[in-house]
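In this note's numbering, the protein residues as written are 1 to 165.
Following this line, the structure appears as structure tokens:
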């Protein structure tokens, strides 16, 4: 009788790990993919901030229009593109108790609206949009954010359109 010898596979089949080069290639590929995705996420984050800011301005314009109608007062919003803010006015005086404001001033340079730039404001050569006591828009115009996102207010009823240039 012969002894059964244990079968040993060739040495190349025993090494089932990865080589250093394979690991380095994988790390480089993952690094490149991570860098590309972080740039994409940053762009998405920027667009979300701009959209959020446009929606906030639109909501405030509609609210001020409704306040003018419900309180029978002349209302306006004064935009300051240098300070990245706007102020709500009631009969020409700052409305200190305007919701979600700091004494009537909505600041776009901090918080969830940071890094959004009010590029220009033009309401018939003014930075103020005004509403009469019936909620009618007295001067139509545009607000441009980050040089290519436009909020346009037109007509007496204040139809608001948002566009990207």
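Positions of the beta carbon are idealized from the N, C-alpha and C atoms, including for glycine.
Which residues in the same chain have their Cβ closer than 8 Å to the Cβ of residue i, if we skip the five residues on either side of it in sequence?
| i | result |
| --- | --- |
| residue 58 | 151, 160, 162 |
| residue 94 | 87, 88, 103, 104, 105 |
| residue 115 | 46, 49 |
| residue 65 | 75, 131, 135, 137, 158 |
Using beta-carbon positions only, say whether residue i and residue j come within less than 8 Å of one another.
| i | j | result |
| --- | --- | --- |
| residue 135 | residue 153 | no |
| residue 61 | residue 129 | yes |
| residue 133 | residue 81 | no |
Need the endpoints of the beta strand (DSSP E) that residue i sits in, please.
| i | result |
| --- | --- |
| residue 147 | Residue 147 -> no beta strand (DSSP E), and no H or E assigned at all. |
| residue 131 | 128 to 131 |
| residue 121 | 118 to 122 |
| residue 107 | 105 to 107 |
| residue 163 | 159 to 164 |
Compute the beta-carbon to beta-carbon distance between residue i and residue j, rounded to the nearest angstrom, for a pair I have assumed lies under 8 Å.
| i | j | result |
| --- | --- | --- |
| residue 113 | residue 46 | Between residue 46 and residue 113 the Cβ distance is about 12 Å, and since that is not below 8 Å, they are no contact. |
| residue 148 | residue 164 | 6 Å |
Please go through the same chain and pick out, in chain order, the residues whose beta-carbon is closer than 7 Å to the beta-carbon of residue i, but skip the five residues on each side of it.
| i | result |
| --- | --- |
| residue 139 | 123, 124, 126, 129, 130 |
| residue 78 | 86, 87, 89, 127, 128 |
| residue 156 | 136, 137 |
Inset, instruction - Tell me the start and end of each unbroken beta strand (DSSP E) in the segment 20 to 97 that is at least 3 residues and wholly inside, in chain order. - result: Contiguous beta strand (DSSP E) elements confined to the segment 20 to 97 occur at 75 to 80, 85 to 90, taking only those with 3 or more residues.
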